[in-house]
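Working notes, beginning with the structure itself.
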Amino acid sequence: MANITLYSTGCPRCNVLKKKLAAKNIEYILNDSVSDMEVLGITQVPVLQIGDELLSFSQANQWINEQG
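With our numbering applied, the sequence shown has no gaps in its numbers, which climb one by one up to 177 at the end.
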């Protein structure tokens, strides 16, 4: 599986994705660096990065739900 990074500030929606990732045993790196997010053009969190693809909250939810 590609490298997975969760860009998060600890907001309630970020916590939803953290719980869903844990429930599916999906390993990820947590990145809470605002400067890293700015470089990537992230203006809203959470964002789930899978490989080179950045997924919004709703896209990330859908992706997680589709995982075995």
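Note that beta-carbon positions come from the ideal geometry of N, C-alpha and C, so glycine has one too. Values in this document were obtained by computation on a predicted structure and should not be read as measured data.
Under the three-state reduction of DSSP output, residue 156 falls in the strand class.
Here residue 162 carries a strand assignment [DSSP, helix/strand/coil]. Leaving aside the five residues that flank residue 143 on each side, the residues in its chain whose CB is nearer than 8 Å to its CB run, in chain order, 118. Across the set 121, 112, 148, the C-alpha of 112 shows the shortest separation from the C-alpha of residue 136. For residue 140, the enclosing beta strand (DSSP E) stretches over residues 138 to 140.
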